[in-house]
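Right, one structure below, let's go through it.
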DNA sequence: TATTGTTATACTCTATAACTATA
DNA sequence: TATAGTTATAGAGTATAACAATA
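Chains as they are written, first to last, in the numbering used here: chain A, 6 to 159; chain B, 6 to 159.
Now the structure itself:
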């Protein structure tokens, strides 16, 4: 594999298009199979954002997970109904719902994240150290391109 | 960023879990927005597999895209109805449907792939060459872990 | 009037169960 | 009986449009 000498943006994009969906499918399927995974990827992301920020609006959720506002509202509905988060009215603007995680939500997130991480880690275990280093570095390179935030999500 | 010295499988997994969904969301949203993208990610993958293999069973499609057999059957239904592929009966076993791409299917795939690649490439353009090299290498490292096949998909 | 969010409605995707046809 | 696939049915997720409440 001596194709490492400066791939074009197109080559790089092709590689991403080729691999990322497969990785995502693995993550998603795993979430579906595991009993401890009671969250879809979107729900996971929404909850993670809620936990991370400590409290945010429905619009913020919508933007973060890439849903329309009505869909985000329904997404929150479901997570509230299941006890992972709660709605609170913004003290200065009664139109705004502040979404906050519950203790159960924080726990579920940690459980889900841990299980996903462990499963992925198992799959990566047999790679040479060097490959893992490259992968980790690549993820950090991709972060600013595909993420609004700057820090670690979660 | 001097965290390159041998990240643990867990660290590596955390990075993947952090970034991959965001990348995937970008790809998916782009596919939804672009008029030239008449395919969802799953449809895209199924069609790509069909084109790549030249002909395969519904079960093969199901396994490749990670759907149940009935769902894959319906997926094929839709793609056949829209003229991207056709069904043919296996000459030696009449139970098996051989799925083949049509000319329109091959063209649509190339169009979709090109558009996706161009869009992603634009996003990656401003990265330093070195980052792109790392990303491309990382994708190749991930390929055998998350993919059944060995060659390039497409 | 503009903004934030919810409700109403419909469509797509996916799953499980039951079924058909073939081996 | 076992296998490949389809049909029937139902549930989740998402979108657009219409609405309600607040600013």
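A virtual CB, placed ideally from N, CA and C, is assigned to each residue, including glycine. Since the model is a prediction, treat every value here as computed from it, not as a measurement.
- By the Cβ neighbour-count rule, residue 94 of chain B is exposed, with fewer than 16 other Cβ atoms within 10 Å of its own.
- Sequence-ordered contacts of the segment 9 to 21 of chain B with chain A read 9, 10, 11, 12, 13, 14, 15, 16, 17, 18, 19, 20, 21 [C-beta pairs closer than 8 Å].
- Residue 112 of chain B has a beta carbon lying at 8 Å or more from every beta carbon in chain A.
- One alpha carbon belongs to residue 23 of chain A, the other to residue 100 of chain A, and they sit about 43 Å apart.
- With the criterion set as a beta carbon lying under 7 Å from some beta carbon of chain B, the members of the segment 46 to 80 of chain A are 46, 50, 71, in sequence order.
- With a cutoff of 8 Å on beta-carbon distance, residue 116 of chain A and residue 90 of chain A are scored as not near each other.
- In the DSSP assignment, residue 106 of chain A falls outside any alpha helix (DSSP H) and within the unbroken beta strand (DSSP E) covering 102 to 106.
- For residue 61 of chain B, the secondary structure class from DSSP, reduced to helix, strand or coil, is strand.
- Residue environment analysis places residue 74 of chain B among the exposed positions, since fewer than 16 neighbouring C-beta atoms fall within 10 angstroms of its C-beta.
- Sequence-ordered contacts of the segment 114 to 142 of chain A with chain B read 118, 121, 122, 123, 124, 125, 126, 127, 128, 129, 130, 131, 132, 133, 134, 135, 136, 137, 138, 139, 140, 141, 142 [C-beta pairs closer than 9 Å].
- According to the DSSP assignment, residue 91 of chain A belongs to the beta strand (DSSP E) that extends over 90 to 94.
- Distances from the CA of residue 112 of chain A to each of A/44, A/79, A/65, A/145 were compared; the closest alpha carbon is that of A/44.
- A direct Cα-Cα distance of roughly 22 Å separates residue 20 of chain B from residue 16 of chain A.
- Apart from the 5 residues on each side of it in sequence, residue 51 of chain A sits with its Cβ closer than 8 Å to the Cβ of 66, 69, 70, 77, 80, 81, 84 in its chain, given in chain order.
- Listed along the chain, the chain B residues whose CB falls inside 9 Å of the CB of residue 42 of chain A amount to none; the nearest CB is some 12 Å away.
- With 16 or more other CB atoms across the displayed protein chains lying within 10 angstroms of its CB, residue 124 of chain A is buried.
- Where residue 137 of chain A is concerned, the enclosing alpha helix (DSSP H) starts and stops at 134 to 151.
- For the options A/46, A/60, A/87, A/88, the alpha carbon positioned closest to that of residue 72 of chain A is the one of A/46.
- For the C-beta of residue 35 of chain B, not a single chain A residue is nearer than 9 Å; the gap to the nearest is close to 11 Å.
- Per DSSP, residue 74 of chain B is one residue of the alpha helix (DSSP H) stretching across 74 to 86.
- If you draw a straight line from the Cα of residue 18 of chain A to the Cα of residue 122 of chain B, it comes to about 5 Å.
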